[in-house]
Each structure stands twice: as C-alpha cells, then as structure tokens.
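See below for the structure under consideration.
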Amino acid sequence: MIEFKQIIGRGTRLWEGKDYFTVIDFVGAYQKFNEPDWDGEP
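Letter 27 of the sequence shown, counting from 1, is numbered 342 in my numbering, and no numbers are missing.
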C-alpha cells in the first residue's frame with residue numbers, strides 16, 4: 316500500500332505546465348489498493 320501511494324503521489328505533485336497525469340495499470344492493481352478515505356480533495 317505504501318509503495319502504491321508513493322507512486323500515485325509523485326504524479327499528483329504540482330508542477331508548472333502539468334495539468335494531469337496518467338496511471339497505466341496493466342493488471343488491475345488499483346482494485347487491491349482501493350481506499351475510500353484516501354480519495355477526495357487534495
């Protein structure tokens with residue numbers, strides 16, 4: 316869980332000119348790490 320959050324967290328860092336990021340999940344791993352408390356406003 317920690318590594319998954321670190322990977323996603325890197326994509327969410329603000330950077331000038333970056334409007335979005337894409338997560339490519341080839342194996343559906345997001346389903347194993349779904350945590351509703353973690354979703355929401357930054």
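Beta carbons: idealized from backbone N, C-alpha and C, even for Gly. The structure presented is a predicted model; accordingly, all values stated were derived computationally and were not measured.
Between the beta-carbon of G326 and that of V338 there is about 7 Å, and that keeps the pair under the 8 Å contact cut.
Under the three-state reduction of DSSP output, E350 falls in the coil class, being neither helix nor strand.
Within its own chain, the residues whose Cβ lies closer than 8 Å to the Cβ of F336, once the five positions on either side in sequence are excluded, are G326 and T327, listed in chain order. For A344 and G332, the gap between their C-alpha atoms comes out near 29 Å.
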